[in-house]
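Single-structure report; data block below.
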Ligand SMILES: [Zn+2]
Ligand SMILES: [Zn+2]
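In our numbering, the protein residues as written are 1094 to 1405.
Here it is, written out as structure tokens:
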């Protein structure tokens, strides 16, 4: 395996870890790994309970990519056709990360007739509808959309980075399933931006936007439970993102007299649990890495919230 990452100083390096490279690929991995900056040591952990003798799986592809893109990437760069359970299921294990809405009817969705064949036809699930399109057309469509997403990703963090992503979601919400990977990856970035950029800092977000951040974090966490189960970096980061709007919403309800002090205490338990889990997951990362820094912040915030809960 080759690994590439940026240090605090900004340089990147490649390394080969021959023992880790033995791990097989699966689009739903069962191990996680951390590279420590000091000595470039790699630590491997089970992401989920693994029985003795079971195969250890890494994912060589990006977890949030749809099946067509993952399989194409794996074929081009790793020279094999992935036939894992996630790839073989047109609904991607019920996540619908490859599912499109049907433009011809309200009852059906568009799924691949055979996800293990990149050229297979895509059909509407409503028998009476009859809408179909070719695998080639679907690939072309996804690559056009991807260039729009790339453009969004090139935006500097600021109010327009939020507003243009929200406009993108509105534009395509009638095209993609709400959990399609295109929308999911945009929502993942939005979940991080809300509360962080000018005009949208956490203490100036109205309750409706706090609610939007909560909704996006939960959608991503629910999807991660299926495609990237266990204590992964992405889960740690999303739990950290989720704690803040939950905490602000609870305090805002209390300030408005909508909940009692006891109910506030009860409501603050969830953000506290988010921080406990986020700190545990992210503090395993190198302290100088963005995730490691976040782990430290999560730990401090957890201590602070515990203290304020004790004095309530
Ligand atoms: Zn696969
Ligand atoms: Zn249809």
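Where a beta carbon is used, it is the ideal one built from N, C-alpha and C, also for glycine. None of these values were measured; they are calculated from a predicted model.
Let me confirm a value: residue i is counted as buried when at least 16 other C-beta atoms fall within 10 Å, else exposed. Which label applies?
i            : result
residue 1275 : buried
residue 1399 : exposed
residue 1270 : buried
residue 1173 : exposed
residue 1122 : buried
residue 1148 : exposed
residue 1304 : exposed
residue 1100 : Its pLDDT being 48, under 50, residue 1100 is placed unreliably in this model, and the coordinates cannot settle the point.
residue 1311 : exposed
residue 1236 : exposed
residue 1115 : exposed
residue 1292 : exposed
residue 1104 : exposed
residue 1287 : buried
residue 1097 : Residue confidence for residue 1097 is low, a pLDDT of 48 falling below 50, so the modelled location carries little weight; the figure read from the coordinates is stated next. Exposed, since its Cβ has fewer than 16 Cβ neighbours within 10 Å.
residue 1336 : buried
Please identify the residue among the options whose C-alpha is closest to the C-alpha of residue i.
i            : options                   : result
residue 1197 : 1191, 1219, 1190 and 1205 : 1219
residue 1131 : 1233, 1317, 1381 and 1104 : 1381
residue 1157 : 1146, 1147, 1170 and 1120 : 1120
residue 1375 : 1385, 1366 and 1367       : 1385
residue 1405 : 1254, 1359 and 1141       : 1359
residue 1296 : 1272, 1340 and 1309       : 1340
residue 1043 : 1303, 1215 and 1152       : Limits of the chain in this structure are 1094 at one end and 1405 at the other, which puts residue 1043 out of reach.
residue 1168 : 1209, 1389 and 1146       : 1209
residue 1406 : 1189, 1221, 1186 and 1182 : Missing from the structure shown is residue 1406; the chain here goes from 1094 to 1405 and no further.
residue 1394 : 1160, 1281, 1179 and 1371 : 1371
residue 1349 : 1187, 1155, 1104 and 1300 : 1300
residue 1294 : 1171, 1383, 1194 and 1251 : 1251
residue 1356 : 1164, 1367 and 1344       : 1344
residue 1136 : 1159, 1110 and 1155       : 1110
residue 1199 : 1222, 1396 and 1184       : 1222
residue 1170 : 1160, 1178, 1153 and 1184 : 1153
residue 1367 : 1333, 1285, 1118 and 1186 : 1333
residue 1186 : 1245, 1266 and 1321       : 1321
May I ask which residues mark the beginning and end of the beta strand (DSSP E) holding residue i?
i            : result
residue 1205 : 1202-1205
residue 1126 : 1124-1128
residue 1138 : 1135-1139
residue 1217 : 1215-1217
Tell me whether residue i counts as near ligand 2, meaning its Cβ is closer than 8 Å to at least one heavy atom of that ligand.
i            : result
residue 1269 : no
residue 1104 : no
residue 1219 : yes
residue 1234 : no
residue 1197 : yes
residue 1347 : no
residue 1175 : no
residue 1224 : yes
residue 1200 : yes
Can you tell me whether residue i sits near ligand 1, meaning its C-beta is under 8 Å from at least one heavy atom of the ligand?
i            : result
residue 1060 : No answer is possible for residue 1060: the residues shown for the chain start at 1094 and end at 1405.
residue 1186 : no
residue 1119 : yes
residue 1149 : no
residue 1160 : yes
residue 1078 : Only positions 1094 to 1405 of the chain appear in the structure, and residue 1078 is not among them; the question remains open.
residue 1168 : no
Does the beta carbon of residue i sit closer than 9 Å to a beta carbon anywhere in chain C?
i            : result
residue 1380 : As a matter of chain content, chain C is missing from the structure shown, which is built from one protein chain.
What is the residue span of the alpha helix (DSSP H) that residue i lies within?
i            : result
residue 1279 : 1274-1286
residue 1108 : Looking at the DSSP string, residue 1108 is not in any alpha helix (DSSP H); the run it does join, the beta strand (DSSP E), is 1105-1109.
residue 1180 : 1178-1181
residue 1367 : 1362-1375
residue 1328 : 1326-1348
residue 1392 : 1383-1404
residue 1304 : 1300-1320
residue 1238 : 1228-1246
residue 1258 : 1252-1265
residue 1166 : 1160-1171
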